Amino acid sequence: MNISKAVRARELNTLAVEVFPPEPGDLAWTWVDWNPMPPDKNMGIFREVYLASSGPVTVRYPQVVTHFDLPSLEKAHLTVNAEAHNATDTDVSGTVDVRLAGMRLTQE
Amino acid sequence: MLASNWARKLTVCVTRNAHAKRLVVGSLILLLSLTAFAQTGRERTLPQPAKLFLRKGWTIQSSAQINEKGDVISANKFRPRSWYPATVPSTVVGALVDDKVYPDPLAGKNLRLIPGCSYPIGANFSNLPMPEDSPFRVSWWYRTQFQLPASYHGKNVWLNFEGINFRANIWLNGQQIATSDQIAALFASMN
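Chains as they are written, first to last, in this note's numbering: chain V, 1 to 108; chain C, 109 to 299.
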């Protein structure tokens, strides 16, 4: 989540997280009889918490999907997907810079 | 290229010769970049997003032991007296075992000595409500403090939780930044 407005750049910051346990029917981490469940039902901050910084636009979740022409395997069709998120209230223009299999591609 | 809110689709075709064998990479459809928004015509190394993990210096406490609400708890001046030290990630019982509040639950029948563990042996506890006297029937607070490195100044700052079991209210500097309606589930990356 974007905390740019709530966070203080040059002071101490305090983060507090109120965690509620899973209830019957929640799709949570559950155990079976070979590993009895602890009494808190594994309530807690279960995986990593981290901060990151970015400019106005972030690019994340890159994925390359490959398809070959059969049976020759002469051509590969690559589809590159990624998600760009604009954290500002206004349109942003810039250049996309992709490096893929030794190639460099740019697009305004 | 315009990134108004979510990405546009771009189409680029590339041909390339590779040694003796000719390799054609065609119809490369791309929906934005693998690297980042680069400054035109300037070479630069791939930016590696520097993550700042919040692992140490946490304290936890049961909401049943605290009179204050999130706005006070997440203020710098709040003193978490008699809270339990914790590292993150950790479950509540995991942290309390690390703190020697409870014995090692993996030894003997120690697990059954922890309060709230009175469910029938062999039963699927996840389908049962917690017992009335369980200390884990209520919410628990996790609290920590941090300072931003100088490299974060003037930038957008993102706080990421890779998994909370199961719901959470999140407060920063006296202000609620997410509610338990929004924050639920274990493996979702809550960016």
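The beta-carbon is built from N, C-alpha and C at its ideal position, and this holds for glycine as well. Being a predicted model, the structure only gives us computed values, none of them experimental.
| query | result |
| --- | --- |
| Does DSSP classify C:Tyr210 as helix, strand or coil? | coil |
| Leaving out five residues on either side along the sequence, give the residues of the same chain with a beta carbon under 7 Å from the beta carbon of V:Val96. | Thr106, Gln107 |
| For a cutoff of 8 Å on Cβ pairs, would you count V:Leu12 as touching chain C? | yes |
| By how many angstroms is the C-alpha of C:Arg251 removed from the C-alpha of C:Gly216? | 32 Å |
| CB-CB under 8 Å to C:Ile285, same chain, minus the five flanking residues each way: which ones, in chain order? | Leu267, Ile278, Trp279 |
| Would you say V:Pro56 and C:Asn264 are within 8 Å of each other, going by their C-beta atoms? | yes |
| Which term fits C:Trp166, buried or exposed, when burial requires 16 or more other beta carbons within 10 angstroms of its beta carbon? | buried |
| Return yes when the Cβ of V:Lys41 is within less than 8 Å of the Cβ of V:Ala52, no when it is not. | no |
| Which ranges would you report for the beta strand (DSSP E) in the region 1 to 42 of chain V if only whole runs of at least 3 residues count? | 13 to 20 |
| Below 8 Å on the Cβ atoms is my guess for C:Val200 versus C:Leu162; work out the distance and round it to an integer in Å. | Incorrect: roughly 17 Å between the Cβ atoms, too far for contact. |
| Tell me C:Ile278's beta-bridge partners as DSSP assigns them. | V:Val17, C:Ala286 |
| Alpha carbon to alpha carbon, what distance is there between C:Phe274 and C:Arg245? | 12 Å |
| Among the candidates V:Glu23, V:Val59, V:Ala76, V:Pro24, whose CA atom is the shortest distance from the CA of V:Val65? | V:Ala76 |
| Given a cut-off of 8 Å, decide if C:Ala183 and V:Thr88 are closer than it, judged by their beta-carbon atoms. | no |
| Determine the extent of the beta strand (DSSP E) in which V:Val96 is found, giving its start and end residues. | 95 to 100 |
| Check the Cβ of C:Trp279 against every Cβ in chain V and list those closer than 7 Å, keeping chain order. | Ala16 |
| For C:Met238, which residues of its own chain have a beta-carbon under 7 Å away from its beta-carbon, when the five flanking residues on both sides are left out? | Gly224, Phe244, Arg245 |
| Should V:Leu12 go down as buried or exposed, given a rule of 16 or more other Cβ atoms within 10 Å for buried? | exposed |
| Using the rule of at least 16 other Cβ atoms within 10 Å of the residue's Cβ for burial, across every protein chain shown, is C:Ser242 buried or exposed? | buried |
| V:Trp34 touches chain C at which residues, Cβ-Cβ below 9 Å? | By Cβ distance, chain C contributes nothing, its closest Cβ being about 10 Å from V:Trp34, past 9 Å. |
| Can you have a look at C:Phe269 and say buried or exposed, based on whether 16 or more other CB atoms are within 10 angstroms of its CB? | buried |
| Need the endpoints of the alpha helix (DSSP H) that C:Val180 sits in, please. | 178 to 181 |
| Please return the same chain residues whose Cβ sits closer than 6 Å to the Cβ of V:Phe20, not counting the five positions on each side in sequence. | none |
| I need the straight-line Cα distance from V:Ser54 to C:Trp191, nearest angstrom please. | 34 Å |
| Rounding to the nearest angstrom, what Cα-Cα distance links C:Ala203 and C:Ala194 in this structure? | 5 Å |
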